[in-house]
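Q: Numbering (the UniProt record's numbering), first residue to last: 1 to 81.
Ideal Cβ positions, reconstructed from N, Cα and C, are used throughout, including at glycine.
All values derive from a computational prediction rather than experimental measurement.
My questions all concern the structure below.
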Amino acid sequence: MMKTQDKTAVATVKDVLLTNPDGLREVIRAVMQAVLEAGHRQLPRLVRALAVDSRELDGGQRIHHMDQQREHKRLALRNPA
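Listed below in C-alpha cells is the structure:
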C-alpha cells in the first residue's frame, strides 16, 4: 500500500477500536477494504497464507475452500505480482 493509504487504514482501525473495542470484525473489514482499494498485488498470497488446512473442514466447507483457492489462483494469474 502507499503511505497515504497506510495512514488511512491505520486511522480507520484506530477509530473503530476507540469507538467500539469489541469490533474486531469491523477492524478486519476496514483493513481488508483498504488493501483491496490499494490494489495490493500480494493479496492472493496473503489469503493463501491465512487459509485453514482443508483437512480440518467438513465436506461443505472443503468445497467452499476449494472454490476460494481456484478463485485466488485465477486472480493471481490475471494480476501477476
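1) Can you look up alanine 38 in the DSSP assignment and give me helix, strand or coil?
2) Could you tell me which of His65, Val35 and Arg29 sits nearest to lysine 7, measuring between CA atoms?
3) Please tell me whether leucine 18 and valine 27 are closer than 8 Å, where the distance is taken between their beta carbons.
4) Measure the alpha-carbon distance for serine 54 versus glutamine 69 and round it to whole angstroms.
5) For alanine 76, I'd like the list of residues in its chain whose CB is within less than 7 Å of its CB, leaving aside the five on either flank, ordered along the chain.
A: So, from the data block:
1) Here residue 38 refers to the residue found at position 38 when the sequence shown is read from its first residue. Residue state, collapsed to three classes: coil.
2) On the sequence shown, residue 7 is found 7 positions in, with the first residue counted as 1. Ranking His65, Val35 and Arg29 by Cα distance to lysine 7 puts Val35 first.
3) To locate residue 18, count along the sequence shown from 1; it is residue 18. To locate residue 27, count along the sequence shown from 1; it is residue 27. Contact flag unset, no.
4) As a first step, residue 54 is located in the sequence shown; it is residue number 54 there, counting from the start. As a first step, residue 69 is located in the sequence shown; it is residue number 69 there, counting from the start. Bear in mind that the predicted position of serine 54 carries a pLDDT of just 49, short of 50, making it too unreliable to give a figure here.
5) Numbered from its first residue, the sequence shown carries residue 76 at position 76. Closer than 7 Å at Cβ, skipping near neighbours: Pro44.
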